[in-house]
Amino acid sequence: MSANAIEVKGLRKSFGSHLVLDGIDLAVPTGSIFALLGPNGAGKTTLIHILSTLVAPDAGSVRVAGYEVVRDKNEVKRSISLTGQFAAVDEALTGIENLRMIGRLSGLTAAESRERADELLTHFQLTDASAKRVKTYSGGMRRRLDLAISLVVPRPVLFLDEPTTGLDTTSRLALWELIGQLKEQGITVFLTTQYLEEADQLADLIAVIADGHVVATGTAEQLKARVGGEVIDLHDAHGTLLRTVPTTGTIQDVRHTLTELSLQFAHETRVSIRKPSLDDVFLALTEKKLEGAVR
Ligand SMILES: Nc1ncnc2c1ncn2[C@@H]1O[C@H](COP(=O)(O)OP(=O)(O)OP(=O)(O)O)[C@@H](O)[C@H]1O
Ligand SMILES: [Mg+2]
């Protein structure tokens, strides 16, 4: 595969008169984990659907695994797997039945499907639950099964739409580890997430979309550097966060900022200074709509 597993140029998409994607440019290096961040309704699922050939773009060039999504639709389909935002498993079937069914639908023989199902159930720690109907599964088990289903036939590019939404911390960490292992196998992972920590921990590159545009791309460190040097948090005596203020990190700016804040807040207000988080970046980019966004 070429250097970039995914290349998007000038992508536009409207639903009726609603312009959702207004000229998106993206490049995802082969073998990397890429995280797409954006507020609700920003068009993350729409973008994943276009990349996976489920929705046609209105304009622009979209290449996945070296193929053009409109012209070479079947080649793209053979190069990708997709785990959607809403699970595609059959709840009335057991875990093992779901996996074997997908194996058969993907063209494996009955014996190959059985073997692959067993392998995946072991890998995703679902062996004990394999004979239980999926409707009895917990959220974490369901997401693991979703991921297992999309890996029945390994493909070079994997799309994950909000893979860990609704999971508890333990299940989320377990899924992160599995996603990291996919990267080690050379699979390119394109995921959307609402959890900034997830992008911070997992992604080699992050893109933030808002109002139809890519408002920033870079590594987590590069994005954090854009917010500034240090961030001041103010808490009241009970520990409730009152205000977060970015500073350049110089002694002069921190002193100046604190002087200003001391005029507005009670004497017992508590001050802490920390490095910017991805949350600060996200808020700055998607709420204040920073001028002159870097692309
Ligand atoms: N098939 C469709 N027909 C009409 N409008 C649609 C369709 N699909 C998506 N939209 C609209 O496009 C916009 C983007 O939706 P999309 O689901 O891509 O956002 P998202 O970033 O995935 O949001 P979320 O974080 O809630 O999952 C929304 O305003 C949505 O209502
Ligand atoms: Mg979505």
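When we follow my numbering, the leftmost residue of the sequence shown carries the number 166, and every step to the right adds one. The beta carbon of each residue, even a glycine, is placed where N, CA and C say it ideally should be.
- Taking C-beta atoms as the reference points, V254 and V299 count as a pair closer than 9 Å.
- Contact between V410 and V396 holds: CB atoms are separated by about 7 Å, below the 8 Å threshold.
- Across the set T287, L312, G196, T358, the C-alpha of L312 shows the shortest separation from the C-alpha of I267.
- With fewer than three CB-CB distances shorter than 8 Å, the segment 331-341 does not count as touching the segment 259-266.
- Considering only G188, I198, G181, the residue with the shortest C-alpha distance to N169 is I198.
- Counting C-beta pairs with one atom in each stretch, the segment 179-191 and the segment 409-428 have fewer than three that are closer than 8 Å, which means they do not touch.
- Ranked by how close their Cα comes to the Cα of S437, the residues T384, G414, E452, L286 have G414 in first place.
- Under the three-pair Cβ rule at 8 Å, the segment 361-368 counts as touching the segment 434-451.
- Within the DSSP bridge table, the entry for P411 names V396 as partners.
- In this chain, the beta strand (DSSP E) harbouring V173 covers 169-180.
- Given a length threshold of 4 residues, each whole run of the alpha helix (DSSP H) inside the segment 291-352 is given here in chain order: 304-315, 334-349.
- At the C-beta level, T434 and L388 stay beyond 9 Å of one another.
- Taking the Cβ of P441 as the reference point, every heavy atom of ligand 1 lies at 8 Å or farther away.
- Taking 9 Å as the cut-off, the beta carbon of I213 is found no closer than this to the beta carbon of P222.
- The beta-carbon separation of T358 and L202, rounded to 7 Å, stays under the 8 Å limit for a contact.
- DSSP, reduced to helix, strand and coil, places E280 within a helical segment of the structure shown.
- Under the three-state reduction of DSSP, V229 is assigned to strand.
- By the beta-carbon neighbour count (other beta carbons within 10 angstroms, threshold 16), G208 is buried.
- Taking 8 Å as the cut-off, the C-beta of K209 counts as close to a heavy atom of ligand 2.
- The alpha-carbon separation between L270 and A449 amounts to approximately 46 Å.
- Counting along the chain, G206 sits inside no beta strand (DSSP E), nor does DSSP assign it H or E at all.
- Counting the other CB atoms within 10 Å of its CB gives L356 a total of 16 or more, which places it among the buried residues.
- Residue nearest to A294 within the set A385, T259, V380, H378 is T259 (criterion: CA-CA distance).
- Beta-bridge pairing by DSSP links D187 to R177.
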